[in-house]
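Visitor: Let me give you the structure first, and then I'll get to my questions.
Protein chains: 2
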Amino acid sequence: MPKKTFFNLPKKKRDTITTVALDEFASYPFQQASVARIIKKSGIASGSFYQYFQDKLDLYRHLVDTFTNMKLERFAPLLSNSDNKNFFETFKDVYREGVKFARQNPKLQALAGHLYRDKELLAGQLNDIEPKALKFYGDMLKKGISRGDVRKDIDIELTSYFLFKLGSSVNEYIMIGGSLEKWDMKVVDRMIDFVQHGIGKKGG
Amino acid sequence: MPKKTFFNLPKKKRDTITTVALDEFASYPFQQASVARIIKKSGIASGSFYQYFQDKLDLYRHLVDTFTNMKLERFAPLLSNSDNKNFFETFKDVYREGVKFARQNPKLQALAGHLYRDKELLAGQLNDIEPKALKFYGDMLKKGISRGDVRKDIDIELTSYFLFKLGSSVNEYIMIGGSLEKWDMKVVDRMIDFVQHGIGKKGG
DNA sequence: TTATAATATGAAACTGTATTCACATGAAAG
DNA sequence: CTTTCATGTGAATACAGTTTCATATTATAA
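The listed protein sequences correspond, in order, to chains A and B.
For the first sequence, my numbering gives the first residue as 66, with consecutive numbering after it.
For the second sequence, my numbering gives the first residue as 66, with consecutive numbering after it.
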């Protein structure tokens with residue numbers, strides 16, 4: 066989080082820095098984004114920058130936080146105005162609103178694009194692993210369909226992607242909770258139940 | 066990918082570098098991992114390092130690739146020996162095997178832990194956004210349950226997590242395909258169907 | 001007004017990765 | 001043996017983020 070000196074700044078100066086920074090992070094991925102450039106364009110001293118922010122990451126996170134909070138605030142009304150809609154209709158509304166938001170804020174969208182690619186930089190679809198994992202799940206699904214376990218009207222490619230991401234999130238969920246010692250097959254069981262039956266009420 | 070000079074190296078030297086590097090990346094997150102230390106411990110010249118690898122990331126990815134390939138190879142037999150098991154039982158086996166693999170390779174597991182945290186470094190549960198997003202989905206689910214749209218025997222916290230991750234993956238899936246212009250609500254529809262009904266064959 | 005604290009400044013130094021380079025070594029070919 | 005080509009070497013340099021610091025400037029309080 067930025068230091069309190071940043072929030073003590075006159076709004077105009079704060080806005081200048083924020084705007085310049087958003088522009089920088091919308092134009093370059095995190096690593097290539099230059100603190101020196103931000104300092105220059107903002108017209109502040111380099112010493113000042115580090116009196117406002119811990120470091121480059123601190124500023125970046127501040128932007129991402131602000132951006133995500135804005136997005137979440139847009140979603141809130143969907144929930145309170147959803148009396149006549151069921152869960153799944155509201156869920157779809159969330160996405161519609163998300164697309165609208167992205168179209169209205171191209172720089173934030175550009176930043177999000179970099180964010181996504183930056184996350185994948187260390188490991189992800191940019192290397193050759195993800196395709197292999199997707200193929201693995203795809204094969205599993207095909208077998209399941211031919212055995213009759215799995216619905217045959219699903220999109221195999223897309224569903225593989227979902228399973229891959231769900232699998233990763235289970236790993237993460239358990240890692241958050243602690244170490245491998247605490248590994249709990251119950252979480253896996255719940256995930257598989259989620260995948261198998263969904264969360265919709267039967268006949269609902 | 067490492068340069069061919071690396072693969073031309075005598076196996077022993079190559080293994081030394083790999084072991085030292087694994088040790089480094091298991092001990093420190095990517096940013097803090099030091100090329101200088103790896104060079105020192107491996108007993109190679111700094112000039113040589115850059116004749117073997119593009120840069121630090123190149124070496125890191127090589128390790129992650131190797132590690133993930135090893136893991137995938139362990140999973141392959143599960144698929145071919147699954148004739149008497151349905152999709153969801155095999156799915157569970159994959160996780161059992163994953164845990165075994167992690168226990169047998171603590172350094173790889175440590176590296177994976179850093180990898181996960183590094184990915185979350187830019188944005189994720191380390192900042193204050195994810196809890197808010199999870200709460201949002203949690204509220205949606207509670208409302209769905211009280212309306213009778215959603216099964217009431219689900220784990221709300223865990224399911225919120227799944228929805229959050231699935232949502233992110235939809236965004237990513239569409240971003241891979243191209244720009245926002247190509248945004249296709251059909252992908253969202255399929256995702257919602259996946260969430261609502263699951264992929265298990267009814268009565269299967 | 002004066003005292004005290006908070007903030008602003010920008011150059012200089014520091015850190016660690018990335019890159020270059022001239023030269024050394026070694027192996028294989030003729 | 002010597003030519004040739006690939007590889008090894010480590011010091012030197014470049015580069016960008018970070019840190020420091022002595023010195024202004026501004027704001028608040030007494």
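By construction, the Cβ of each residue, glycine as well, lies at the ideal position given by its N, Cα and C atoms.
Strictly by DSSP, which residues pair up with residue 265 of chain A?
Guide: In the first sequence, the residue the question calls residue 265 of chain A occupies position 200. Partner(s): B:215.
Visitor: What do you get for residue 261 of chain A, buried or exposed, if any count of 16 or more other CB atoms within 10 angstroms of its CB means buried?
Guide: Residue mapping note: residue 261 of chain A aligns to position 196 of the first sequence, counting from 1. Under this definition residue 261 of chain A is a buried residue.
Visitor: To the nearest angstrom, how far is it from the Cα of residue 145 of chain B to the Cα of residue 131 of chain B?
Guide: As a working note, residue 145 of chain B is residue 80 in the second sequence. As a working note, residue 131 of chain B is residue 66 in the second sequence. Each residue's alpha carbon lies about 22 Å from the other.
Visitor: If we cut at 8 Å on Cβ distances, does residue 140 of chain A have a partner in chain B?
Guide: In the first sequence, counting from the first residue as 1, residue 140 of chain A sits at position 75. Judged by the 8 Å Cβ criterion, residue 140 of chain A is in contact with chain B.
Visitor: For residue 171 of chain B, which of helix, strand or coil comes out of DSSP?
Guide: Within the second sequence, the letter at position 106 stands for residue 171 of chain B. Residue state, collapsed to three classes: helix.
Visitor: For the pair the stretch 105-124 of chain B and the stretch 150-168 of chain B, tell me if three or more CB-CB distances fall below 8 Å.
Guide: No, they do not touch.
Visitor: To the nearest angstrom, report how far apart residue 184 of chain B and residue 128 of chain A are at their CA atoms.
Guide: To locate residue 184 of chain B, count along the second sequence from 1; it is residue 119. To locate residue 128 of chain A, count along the first sequence from 1; it is residue 63. Answer to the nearest angstrom: the Cα atoms are 17 Å apart.
Visitor: Report yes or no: do three or more beta-carbon pairs, one from the stretch 89-109 of chain B and one from the stretch 174-183 of chain B, lie closer than 8 Å?
Guide: A contact exists between the stretch 89-109 of chain B and the stretch 174-183 of chain B.
Visitor: When the distance is taken between beta carbons, is residue 176 of chain A closer than 8 Å to residue 87 of chain A?
Guide: What you label residue 87 of chain A is simply residue 22 of the first sequence in a count that begins at 1. What you label residue 176 of chain A is simply residue 111 of the first sequence in a count that begins at 1. For residue 87 of chain A and residue 176 of chain A, yes; Cβs fall inside 8 Å.
Visitor: For residue 173 of chain B and residue 159 of chain B, what's the separation of their Cα atoms in angstroms?
Guide: Here residue 173 of chain B refers to the residue found at position 108 when the second sequence is read from its first residue. Here residue 159 of chain B refers to the residue found at position 94 when the second sequence is read from its first residue. Cα to Cα, residue 173 of chain B sits roughly 18 Å from residue 159 of chain B.
Visitor: Which residues mark the beginning and the end of the alpha helix (DSSP H) in which residue 125 of chain B is found?
Guide: If you number the second sequence from 1, residue 125 of chain B lands on position 60. Here the alpha helix (DSSP H) through residue 125 of chain B covers 121-145.
Visitor: Please list, in chain order, the residues of the stretch 114-129 of chain A that have any C-beta partner in chain B closer than 8 Å.
Guide: Of all residues in the stretch 114-129 of chain A, 122, 125, 126 and 129 have a Cβ within less than 8 Å of some Cβ in chain B.
Visitor: For chain A, is any of its Cβ atoms less than 8 Å away from the one on residue 88 of chain B?
Guide: The residue labelled residue 88 of chain B in the question sits at position 23 within the second sequence. Answer no: the Cβ-Cβ gap between residue 88 of chain B and chain A never drops below 8 Å.
Visitor: Check for me: the alpha helix (DSSP H) holding residue 148 of chain B runs from which residue to which?
Guide: Taking the second sequence and counting its residues from 1, the one referred to as residue 148 of chain B is at position 83. Premise fails: residue 148 of chain B is in no alpha helix (DSSP H) and is neither H nor E.
Visitor: Got a sec: is the Cβ-Cβ distance from residue 261 of chain A to anything in chain B below 8 Å?
Guide: Position 196 of the first sequence, counting from 1, holds the residue named residue 261 of chain A. Judged by the 8 Å Cβ criterion, residue 261 of chain A is in contact with chain B.
Visitor: Using a Cβ-Cβ cutoff of 7 Å, what residues of the stretch 152-185 of chain A are near chain B? List them in chain order.
Guide: Listed by position along the chain: 152, 153, 155, 156, 157, 160, 164, 167, 168, 174, 178, 180, 181, 183 and 184.
Visitor: At what residues does the alpha helix (DSSP H) containing residue 116 of chain B begin and finish?
Guide: Residue numbering aside, residue 116 of chain B sits at position 51 when the second sequence is read from its first letter. Counting along the chain, the alpha helix (DSSP H) containing residue 116 of chain B begins and ends at 111-117.
Visitor: Whole-angstrom Cβ separation of residue 205 of chain B and residue 227 of chain A, contact assumed at under 8 Å?
Guide: The count along the second sequence starts at 1 and reaches residue 205 of chain B at position 140. The count along the first sequence starts at 1 and reaches residue 227 of chain A at position 162. Contact doesn't hold; Cβ gap of about 19 Å is too wide.
Visitor: Taking all protein chains shown into account, do 16 or more other C-beta atoms lie within 10 angstroms of the C-beta of residue 201 of chain A, making it buried, or fewer, making it exposed?
Guide: Numbered from 1 along the first sequence, position 136 holds the residue referred to as residue 201 of chain A. Buried.
Visitor: Can you give me the Cβ contacts of residue 274 of chain B inside the same chain, cut-off strictly under 6 Å, excluding the 5 residues immediately before and after it?
Guide: Nothing about residue 274 of chain B can be read from this structure; chain B reaches only from 66 to 269.
Visitor: Under 8 Å, do residue 249 of chain B and residue 239 of chain B count as touching if we go by C-beta distance?
Guide: Counted from its first residue, the second sequence places residue 249 of chain B at position 184. Counted from its first residue, the second sequence places residue 239 of chain B at position 174. Cβ atoms of residue 249 of chain B and residue 239 of chain B: closer than 8 Å.
Visitor: Does the separation of the CB atoms of residue 215 of chain A and residue 265 of chain B fall below 8 Å?
Guide: Walking along the first sequence from the start, residue 215 of chain A turns up at place 150. Walking along the second sequence from the start, residue 265 of chain B turns up at place 200. The answer is yes: Cβ separation under 8 Å.
Visitor: Under a CB-based cut-off of 8 Å, is residue 227 of chain B close to chain A?
Guide: As a first step, residue 227 of chain B must be located in the second sequence, where it is residue number 162. Chain A contact via Cβ: present.
Visitor: Please go through the same chain and pick out, in chain order, the residues whose beta-carbon is closer than 6 Å to the beta-carbon of residue 270 of chain A, but skip the five residues on each side of it.
Guide: Missing from the structure shown is residue 270 of chain A; chain A here goes from 66 to 269 and no further.
Visitor: State buried or exposed for residue 263 of chain B, treating a residue as buried only when at least 16 other CB atoms are found within 10 Å of its CB.
Guide: Walking along the second sequence from the start, residue 263 of chain B turns up at place 198. Buried is the call here.
Visitor: Looking at the structure shown, is residue 68 of chain A part of a helix, part of a strand, or coil, going by DSSP?
Guide: Position 3 of the first sequence, counted from the start, is the residue given in the question as residue 68 of chain A. Coil at residue 68 of chain A, not helix or strand.
Visitor: Given residue 154 of chain A, which residues of its chain have a CB within under 8 Å of its CB, disregarding the five upstream and five downstream residues?
Guide: Sequence index remark: in the first sequence, residue 154 of chain A carries index 89 (1-based). The residues are 147.
Visitor: Compare the C-beta of residue 215 of chain A against all C-beta atoms of chain B and say whether one is closer than 8 Å.
Guide: The residue you call residue 215 of chain A lines up with position 150 of the first sequence. Cβ-Cβ to chain B under 8 Å: yes for residue 215 of chain A.
Visitor: For residue 75 of chain B, name the three-state secondary structure that DSSP assigns.
Guide: As a first step, residue 75 of chain B must be located in the second sequence, where it is residue number 10. Correct three-state label for residue 75 of chain B: coil.
Visitor: If you count every other CB in all the chains shown that lies within 10 Å of the CB of residue 234 of chain A, and 16 or more means buried, which is it?
Guide: Along the first sequence, read from residue 1 onward, the residue named residue 234 of chain A stands at position 169. Per the 10 Å Cβ criterion, buried.
Visitor: Determine the closest residue to residue 195 of chain B out of B:179, B:113, B:76 and B:230, with distance taken between C-alpha atoms.
Guide: The sequence position of residue 195 of chain B within the second sequence is 130, counting from 1. Comparing Cα positions, the closest option is B:230.
Visitor: With H, G and I counted as helix, E and B as strand and the rest as coil, what does DSSP make of residue 178 of chain B?
Guide: Your numbering for residue 178 of chain B matches position 113 in the second sequence. Residue 178 of chain B: helix per DSSP, three-state reduction.
Visitor: Quick one: is residue 85 of chain B near chain A, going by C-beta distance under 8 Å?
Guide: By one-based count along the second sequence, residue 85 of chain B stands at place 20. No, no contact with chain A.
Visitor: Taking residue 234 of chain B as the query, report the chain A residues whose CB atoms sit under 7 Å from its CB, ordered along the chain.
Guide: Reading the second sequence from its first residue, position 169 is the one you call residue 234 of chain B. Residues of chain A passing the Cβ test: 226, 227 and 230.
Visitor: If you run the structure through DSSP and keep just helix, strand and coil, what is residue 108 of chain A?
Guide: Residue numbering aside, residue 108 of chain A sits at position 43 when the first sequence is read from its first letter. Here residue 108 of chain A sits in coil by DSSP.
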